[in-house]
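**Student:**
Residue numbers (my numbering): 13 to 781.
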């Protein structure tokens, strides 16, 4: 019985990690003076590290309670598996020893049997590495992670086994049986009557090849996900009873797989009736406006839920903070659905106090002025649609983008009868950045890029010490922007510094002050510009912007060829220009990066003084329209553009208009469309220019890749109308601030002048890293 009790005590120590193992004299040690305190059993921990976690010291009276507390603290140390203490008495004094059993180490980490995937890639799936303390749970989780990774890469029968015996002595060994990796040979559909195979293939990720080039392999998880995608596709189009299953047919040696999706479409559900109850503020006609559901048209849960959110949003934006809309559906015979929206309006609230929290480096007024510009201020109706309380409202997104925050959440608080306070919770983001990049373009050669950008700058916050410049405590907090860009290149180079105050005197007026240096090798001369600029722009709530911009510029024309035309020779050397431009612009697109609907407009007039006196009137209008949306919700978009400009007076050749190249009339070289003079037909610029273009972007499986078809047309003050047709590929590269496009375009002129310079292929490639 004593032997069994001893084993039970040992087992308790090993499982709990804490044990007070006392000698036969332990009870006698209570209250005696401690002579020595020792540590034992430690391998990687030092004696001082162990004793630093204890409270008992030589000269103190021994206490079993305090010794047990010491053991608990020792056991909480990272390397410790178990801990306990022992006591001994010598010469009337206690010798106290803290015993530790340290965790095992991962002494070796071995993968066996992997041939298709290398060690380094598989080891990335683990949360530990050789030399770490051995965590049995992490080791077993790692086995599952490696096996899941194999399945994801198409090794459907791969298994990974852990050598449990070796793990006990610190050796982690995974034995891998990869098995076959079947390629997707074909994807078919059966039972589909309402959609063609080609339409359904765009909705699934299981396909023989990715981007028509890269071989795809069988992935059971992807097939399961595609089943649900097909169900979603059908249900969004009123096939509520659709059923989808999959069948996979392998060849004899499991090297290829044919995936068949079996579809039972079922009936198409139609809306039988739409009712509204509980509403008093809006009448039924107002609530029906812009609903996606219509009587006797297709019914889908997505449309019904969208309409419920839209109705609730109409109340929320007018101050009905507590408004709710319940969607009720009754399924009737004949695949028809009766829909009822039950409205609970609740009271209407104005904004009380606006409280801001969570901001540490950004000043309150830098946030408050954004809210004021959007009309979210005390006394206004509380727009709980834009301020959604979960971070995805339009106002929350505007504030987040403007102050470069990680997230912005605005929630109503308080219990006053007529008002709700607004709690604006800010989670600050990284406002400062340094970016390195490179690019190459057919029009501009190779370009390097170094950009320093601080979007929470404060020009009045001067450093109190030299160290403040390096700790980020200086020049920070006012929501201003300071940007320095260095772009050296083989054909042209630019260097610029810009300061922007987005809210001059806390009004929706932006002030921009900048300086820039520009140099470019032209056809038979070099052009350099030193520019100082200042602009003021007023923003309006209907998206219109009105501004005035000033520039002072030195334009240097140098390194002229001996036979340049008179128009170029006459401006040799330094030319001084002063310009004042008045402009208006408006952006009503649905995205800053990939617009699919809307338009933007920019027009202005600049009066130039200095060595020359003339004016430039110019304007650009772009329209975007979604032509088609496939079953995977990828949009085919039409973009049309008109640009026109004219010189009023007599301008030097370097201020006139040229056409051709990327963003202009493709199929022609950069500045390839221009009046020309001299023995080398140097371009001297046109007094006016009109250009138009139409471009269709068709997504290739996703919005990342798109096939382009375009036509361009343009006129200058000499020669015929130029026209071109072309095609190309657009690739959107993800960056933290938004996607960056790469374009590869092939175009051919349909009409041209004999002296025009053509270029069939043009491209633009850039990346930040």
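Don't be surprised by glycine CBs; every beta carbon is placed ideally from N, CA and C.
In this text, all values refer to a predicted model and were calculated from it rather than measured experimentally.
What's the C-alpha gap between residue 33 and residue 95?
**Tutor:** Legend: pLDDT at residue 33 = 39, less than 50; position of this residue unreliable, no value from coordinates given.
**Student:** What beta strand (DSSP E) runs, 3 residues minimum, are completely inside the stretch 508 to 560?
**Tutor:** Segments of the beta strand (DSSP E) lying fully in the stretch 508 to 560: 521 to 533 and 538 to 551.
**Student:** If we ignore side chains and look at the alpha-carbon of each, how far apart do residue 699 and residue 664 end up?
**Tutor:** Taking the straight line from one Cα to the other gives about 10 angstroms.
**Student:** Of the choices 419, 365 and 400, whose alpha-carbon is the least far from that of residue 371?
**Tutor:** Residue 419 is the option with its Cα nearest to residue 371.
**Student:** Note down, in chain order, each residue of its chain lying with its Cβ closer than 7 angstroms to the Cβ of residue 40, except the 5 sequence neighbours on either side.
**Tutor:** So the list reads 101, once near-sequence residues are dropped.
**Student:** How would you write the range of the beta strand (DSSP E) that residue 445 sits in, first residue to last?
**Tutor:** Residues 444 to 453.
**Student:** Quick check: what's the CA-CA separation for residue 276 versus residue 356?
**Tutor:** Answer to the nearest angstrom: the Cα atoms are 39 angstroms apart.
**Student:** Just reading off the alpha helix (DSSP H) that residue 377 is part of, what are its end residues?
**Tutor:** Taken as a continuous stretch (DSSP letters only), the alpha helix (DSSP H) holding residue 377 covers 376 to 385.
**Student:** Tell me which same chain residues have a C-beta within less than 6 angstroms of the C-beta of residue 36, skipping the five on either side of it?
**Tutor:** For residue 36, the pLDDT reaches just 44, beneath the cut-off of 50, and the residue's location in the model is therefore unreliable, leaving the point undetermined.
**Student:** Opposite residue 120 in the DSSP bridges: which residues?
**Tutor:** Answer is 183, bridged to residue 120.
**Student:** If we count the other Cβ atoms within 10 Å of its Cβ and call it buried at 16 or more, is residue 703 buried or exposed?
**Tutor:** The residue is buried, with at least 16 neighbouring Cβ atoms inside 10 Å.
**Student:** Need the endpoints of the alpha helix (DSSP H) that residue 154 sits in, please.
**Tutor:** 148 to 164 is the extent of the alpha helix (DSSP H) around residue 154.
**Student:** Go ahead and pull the three-state DSSP assignment for residue 630.
**Tutor:** Here residue 630 sits in strand by DSSP.
**Student:** With a threshold of 8 angstroms on Cβ separation, who are the neighbours of residue 660 within its own chain once the five nearest residues in sequence on each side are excluded?
**Tutor:** The residues are 626, 627, 628 and 629.
**Student:** Based on the DSSP output, what are the partners of residue 424 in its beta bridges?
**Tutor:** Per DSSP, 434.
**Student:** Buried or exposed: residue 389, going by 16 or more other Cβ atoms within 10 Å of its Cβ?
**Tutor:** It counts as exposed.
**Student:** On the CB-based measure, 16 or more other CB atoms within 10 Å of its CB, does residue 662 come out buried or exposed?
**Tutor:** So residue 662 ends up on the exposed side.
**Student:** For residue 209, report the span of its alpha helix (DSSP H) as first-last.
**Tutor:** From DSSP, the alpha helix (DSSP H) with residue 209 extends over 209 to 213.
**Student:** Scan the stretch 216 to 258 and note each continuous alpha helix (DSSP H) run of 4 residues or more that stays entirely inside, going in chain order.
**Tutor:** The qualifying runs are 232 to 248.
**Student:** Excluding the 5 residues flanking residue 69 on each side, which residues of the same chain have their C-beta closer than 8 angstroms to its C-beta?
**Tutor:** Counting only Cβ-Cβ distances below 8 angstroms, and skipping sequence neighbours, we find 46 and 49.
**Student:** Judging by CA-CA distance, which residue of 431, 325, 467 and 426 is the nearest neighbour of residue 360?
**Tutor:** Checking every option, the nearest Cα to that of residue 360 belongs to 431.
**Student:** For residue 387, verify whether its CB is less than 8 angstroms away from any heavy atom of the ligand GDP.
**Tutor:** In the structure shown, the ligand GDP is absent, as is every other ligand, since no ligand is present at all.
**Student:** What first and last residue would you give for the alpha helix (DSSP H) that runs through residue 617?
**Tutor:** That residue, residue 617, is in no alpha helix (DSSP H); its beta strand (DSSP E) goes 610 to 622.
**Student:** Alpha carbon to alpha carbon, how far is residue 615 from residue 560?
**Tutor:** Their Cα atoms are separated by approximately 12 angstroms.
**Student:** Can at least three beta-carbon pairs, one atom from the stretch 561 to 568 and one from the stretch 588 to 602, be found at a separation below 8 angstroms?
**Tutor:** Touching, yes.
**Student:** Using 9 angstroms as the threshold, is the C-beta distance between residue 428 and residue 394 below it?
**Tutor:** Their beta carbons are not under 9 angstroms apart, which means residue 428 does not touch residue 394 by this criterion.
**Student:** Tell me whether residue 226 is buried or exposed, calling it buried when 16 or more other Cβ atoms sit within 10 Å of its Cβ.
**Tutor:** Flag for residue 226 reads exposed.
**Student:** Check whether the stretch 632 to 646 and the stretch 552 to 559 touch, using three or more Cβ-Cβ pairs below 8 angstroms as the test.
**Tutor:** Flag = no, the stretch 632 to 646 and the stretch 552 to 559 do not touch.
**Student:** What number of angstroms, rounded off, separates the C-alpha of residue 380 from the C-alpha of residue 467?
**Tutor:** The straight-line gap from Cα to Cα measures roughly 16 angstroms.
**Student:** Would DSSP call residue 325 helix, strand or coil?
**Tutor:** DSSP places residue 325 in helix when its eight states are reduced to three.
**Student:** Any idea if residue 676 is buried or exposed, counting beta-carbon neighbours within 10 angstroms, 16 or more meaning buried?
**Tutor:** Classification of residue 676: buried, given that the 10 Å Cβ count is 16 or more.
**Student:** Let me make sure I understand the geometry here. Which of 384, 507, 544 and 537 has the alpha-carbon closest to that of residue 571?
**Tutor:** Comparing Cα-Cα distances from residue 571 to each of 384, 507, 544 and 537, the minimum goes to 537.
**Student:** What three-state label does DSSP hand residue 781 in the structure shown?
**Tutor:** Note on residue 781: pLDDT 44, under 50, position unreliable in the model; the coordinate value appears next. Residue 781: coil per DSSP, three-state reduction.
**Student:** How many Å lie between residue 354 and residue 161 at the Cα?
**Tutor:** One C-alpha to the other measures close to 48 angstroms.
**Student:** Would you check if the distance between the CB atom of residue 369 and the CB atom of residue 401 is smaller than 9 angstroms?
**Tutor:** No. Outside cutoff.
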